[in-house]
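A.B. asks: In short: position in the sequence shown from 1, add 22, done, that's our numbering.
Once you've had a glance at the structure underneath, I'll fire off some questions.
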Amino acid sequence: MRTDKGRSLWADGIRRLRKRRFAMVCFVMVLVYFALAGIIFLDEVFDWNIPAFNWKEIVGPSYQPPLDIYEWTPQERTTPQTGQTFFGTDFLGQSTWRKMLYGAKTSITVALCASFISLLIGVPLGAIAGYFRGWIDDAIVWLYTTLSTIPYILLVMAFAVVLREKTVFGVQIKGITAVYLAIGLTSWVGICRLIRGEIMKRKESEYVLAARSIGCSNGRIIFRHLLPNVFHVIIINFSLRFVSFIHAEVILSFLGLGETDKPSWGAMIDAARTELARNVWWEMAAATVAIFFISLALNIFGDALRDCLDPKLRTD
23 MRTDKGRSLW ADGIRRLRKR RFAMVCFVMV LVYFALAGII FLDEVFDWNI
73 PAFNWKEIVG PSYQPPLDIY EWTPQERTTP QTGQTFFGTD FLGQSTWRKM
123 LYGAKTSITV ALCASFISLL IGVPLGAIAG YFRGWIDDAI VWLYTTLSTI
173 PYILLVMAFA VVLREKTVFG VQIKGITAVY LAIGLTSWVG ICRLIRGEIM
223 KRKESEYVLA ARSIGCSNGR IIFRHLLPNV FHVIIINFSL RFVSFIHAEV
273 ILSFLGLGET DKPSWGAMID AARTELARNV WWEMAAATVA IFFISLALNI
323 FGDALRDCLD PKLRTD
């Protein structure tokens with residue numbers, strides 16, 4: 023697909039997106055979170071033992087408050103542990119800063135895996151329903167309509183409880199695996215409905231009729247001609263829903279249904295809420311700030327991406 027000036031839809035969208043400086047700042051912020059999660063993942067896989075991510079280490083006394091950098095002595099400024107307790111410690115004396123960094127890896131891993139699972143289910147089902155219509159469409163519409171009648175968070179919690187500690191093909195499902203499976207298996211309804219509508223609008227287009235006239239199969243038409251022309255819709259939906267998956271992971275972890283052996287933002291908030299009466303606020307503040315910035319960046323960048331890639335919203 024090309025614009026009136028001869029540019030492809032993607033090239034024109036990227037050009038317009040680059041003009042939005044604040045959106046690009048948010049994109050860089052998102053990249054920082056992803057890079058952080060990737061480095062922590064590689065640190066665990068290859069056993070690099072990077073000190074900044076060693077959240078298990080005891081770096082100070084229990085519930086040490088955040089240090090004021092302006093009150094540090096020259097000797098404290100050069101002490102490694104002082105830098106790690108800048109955001110205070112938890113009840114075990116572990117660095118709140120390190121736990122906050124590791125929480126980014128937990129949330130982004132869950133959101134990525136859940137997003138891909140929901141896309142793998144929702145996109146093909148939506149395309150098949152919109153293309154074939156008839157009883158196939160009726161069956162798929164009945165399925166996602168039934169799921170959508172159940173409150174989302176209750177459905178996710180039910181799946182998380184059912185999947186927790188289950189064994190599939192000899193592999194035990196636990197921790198974040200149960201979380202992203204629960205979110206992914208229950209979050210495909212929106213993208214399925216969206217793709218169904220887009221395919222219904224495009225199934226009688228000239229390029230589809232031309233493909234039929236030369237004998238292309240239905241599968242080839244759907245996956246080689248129709249879906250590539252709605253791929254921008256998938257990308258926009260992915261960017262906008264990614265933050266909701268992060269929030270779902272935080273909620274499940276807060277309720278004790280998420281990661282139990284490693285730090286997560288939801289678990290940090292849950293552990294800190296009972297200590298607020300003792301004026302121990304820094305662990306909750308660290309997790310909340312981390313969630314706030316990635317949510318803000320993803321929402322602003324997702325809105326800008328939608329405005330730039332959707333042909334119906336083009337203004338320049």
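Beta carbons: idealized from backbone N, C-alpha and C, even for Gly.
Roughly how many angstroms lie between the CA atoms of F314 and A161, to the nearest whole one?
C.D. replies: By 1-based counting over the sequence shown, the position of residue 314 is 292. By 1-based counting over the sequence shown, the position of residue 161 is 139. When rounded, the distance between both Cα atoms is 40 Å.
A.B. asks: Just tell me which of I195, R218, L165 and L114 has its CA closest to the CA of A151.
C.D. replies: Mapped onto the sequence shown, residue 151 falls at position 129. Among I195, R218, L165 and L114, the Cα nearest to that of A151 belongs to R218.
A.B. asks: Per DSSP, what kind of secondary structure is I80 in: helix, strand or coil?
C.D. replies: Position 58 of the sequence shown, counted from the first residue, corresponds to residue 80. In the structure shown, I80 sits in a strand (DSSP, three-state: E or B).
A.B. asks: Take I158 and list the residues in its own chain whose beta-carbon comes closer than 8 Å to its own, dropping the five residues that flank it on each side.
C.D. replies: For the purposes of this step, residue 158 is identified with residue 136 of the sequence shown, where counting begins at 1. I150 and A151, listed in sequence order.
A.B. asks: Can at least three beta-carbon pairs, one atom from the region 277 to 286 and one from the region 254 to 263, be found at a separation below 8 Å?
C.D. replies: No: fewer than three Cβ pairs fall under 8 Å.
A.B. asks: In terms of alpha-carbon separation, which member of W210, S266 and V184 lies closest to T199?
C.D. replies: Here residue 199 refers to the residue found at position 177 of the sequence shown. When only C-alpha atoms are compared, the closest one is V184.
A.B. asks: With DSSP as the reference, identify every bridge partner of S117, one or two as the case may be.
C.D. replies: Reading the sequence shown from its first residue, position 95 is the one you call residue 117. In DSSP, S117 forms a bridge with T111.
A.B. asks: Quick one: residues in its chain with C-beta nearer than 7 Å to the C-beta of A45, no 5 flanking neighbours on either side, listed in chain order?
C.D. replies: For the purposes of this step, residue 45 is taken as the residue at position 23 of the sequence shown. L39, I322, F323 and A326.
A.B. asks: Given 8 Å as the limit, is there contact between the region 111 to 121 and the region 72 to 87, that is, 3 or more CB pairs closer than that?
C.D. replies: Enough Cβ pairs lie closer than 8 Å, so yes.
A.B. asks: Is N301 helix, strand or coil when you go by DSSP?
C.D. replies: As a working mapping, residue 301 is identified with position 279 in the sequence shown. Coil, per DSSP.
A.B. asks: Consult DSSP for L39 and reduce its assignment to one of helix, strand or coil.
C.D. replies: Reading the sequence shown from its first residue, position 17 is the one you call residue 39. Helix at L39.
A.B. asks: Following the continuous alpha helix (DSSP H) through T296, name the residue where it begins and the one where it ends.
C.D. replies: In the sequence shown, the residue the question calls residue 296 occupies position 274. Unbroken run through T296: none, as it is neither H nor E.
A.B. asks: Are there 16 or more other CB atoms within 10 angstroms of the CB of A299, so buried, or fewer, so exposed?
C.D. replies: Residue 299 sits at position 277 when you count from the first residue of the sequence shown. Flag for A299 reads exposed.
A.B. asks: Would you report the Cα separation of T128 and T118, rounded to the nearest angstrom?
C.D. replies: Position 106 of the sequence shown holds residue 128. Position 96 of the sequence shown holds residue 118. Between T128 and T118, the C-alpha separation is close to 15 Å.
A.B. asks: Distance check for F267 and I143, CA to CA, integer angstroms please.
C.D. replies: Working through the sequence shown from its first residue, we reach residue 143 at position 121. Working through the sequence shown from its first residue, we reach residue 267 at position 245. Straight-line Cα distance between these residues: approximately 16 Å.
A.B. asks: Is the beta carbon of A294 less than 7 Å from the beta carbon of M306?
C.D. replies: Against the sequence shown, residue 294 aligns to sequence position 272. Against the sequence shown, residue 306 aligns to sequence position 284. Their beta carbons are under 7 Å apart, which means A294 touches M306 by this criterion.
A.B. asks: Whole angstroms are fine: how far does the CA of S235 sit from the CA of Y202?
C.D. replies: Mapped onto the sequence shown, residue 202 falls at position 180. Mapped onto the sequence shown, residue 235 falls at position 213. The straight-line gap from Cα to Cα measures roughly 43 Å.
A.B. asks: Do you know whose CA, among G148, W77, I175 and L249, lies nearest W164's CA?
C.D. replies: Counting from one through the sequence shown, the residue named residue 164 turns up at place 142. Among G148, W77, I175 and L249, the Cα nearest to that of W164 belongs to G148.
A.B. asks: Measuring alpha carbon to alpha carbon, tell me which of C238, A308, E220 and W77 ends up nearest L249.
C.D. replies: Against the sequence shown, residue 249 aligns to sequence position 227. Residue E220 is the option with its Cα nearest to L249.
A.B. asks: Quick one: complete alpha helix (DSSP H) runs, 4+ long, within the region 228 to 264?
C.D. replies: 228 to 235, all fully within the region 228 to 264.
A.B. asks: Quick one: give me the first and last residue of the alpha helix (DSSP H) that T208 is part of.
C.D. replies: The sequence position of residue 208 within the sequence shown is 186, counting from 1. From DSSP, the alpha helix (DSSP H) with T208 extends over I198 to T208.
A.B. asks: Put W70 into one of helix, strand or coil per three-state DSSP.
C.D. replies: As a working note, residue 70 is residue 48 in the sequence shown. Correct three-state label for W70: coil.
A.B. asks: Rounded to whole angstroms, what's the CA-CA distance from W210 to P146? Just pull it up for me.
C.D. replies: As a first step, residue 210 must be located in the sequence shown, where it is residue number 188. As a first step, residue 146 must be located in the sequence shown, where it is residue number 124. In a straight line, the C-alpha of W210 is about 10 Å away from that of P146.
A.B. asks: State the CB to CB distance for the pair G206 and I139, rounded to an integer number of angstroms; the pair is presumed to be in contact (CB under 8 Å).
C.D. replies: Within the sequence shown, numbered from 1, the residue matching residue 206 stands at position 184. Within the sequence shown, numbered from 1, the residue matching residue 139 stands at position 117. The Cβ separation is near 3 Å, so the contact holds.
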